[in-house]
Amino acid sequence: MGGWTVGRPSAKERRPYNSDAILDVAVRVFLERGYDGASLDDVARAAGITKASVYYHVSSKEELLERGVGRA
């Protein structure tokens, strides 16, 4: 059957992300959707990583907001 696969990219296909890169994506998502309208799922999806990977770098959406404000 043609070798099609469905689902998330493999670990090798995913982009490597660090806390700064996730923060950049989170700030963009917050600007697009608003803080209340954004979720960590949205941030993970926009970054091309899993929600668990986001939680590896931060403990909450609030922490992402605090770090983003601290950067400004």
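Take 32 as the starting number for the sequence shown in the numbering used here and just add one per residue. Ideal placement from N, C-alpha and C gives every residue a C-beta, glycine not left out.
Indicate whether G99 and F61 have their beta-carbon atoms separated by less than 9 Å. yes
Measure the CB-CB distance between I53 and A78 and report whether it falls below 9 Å. yes
Need the endpoints of the alpha helix (DSSP H) that D67 sits in, please. That residue, D67, is in no alpha helix (DSSP H); it is neither H nor E in DSSP.
Buried or exposed: which applies to Y86, given that a residue is buried once 16 or more other Cβ atoms fall within 10 Å of its Cβ? exposed
Identify which residue in N49, G65, Y48 has its Cα closest to the Cα of L96. G65
Tell me which same chain residues have a C-beta within less than 6 Å of the C-beta of V71, skipping the five on either side of it? Before going on, a small fix: residue 71 reads as Leu here, not Val. These residues qualify, in order along the chain: K82, V85, K92.
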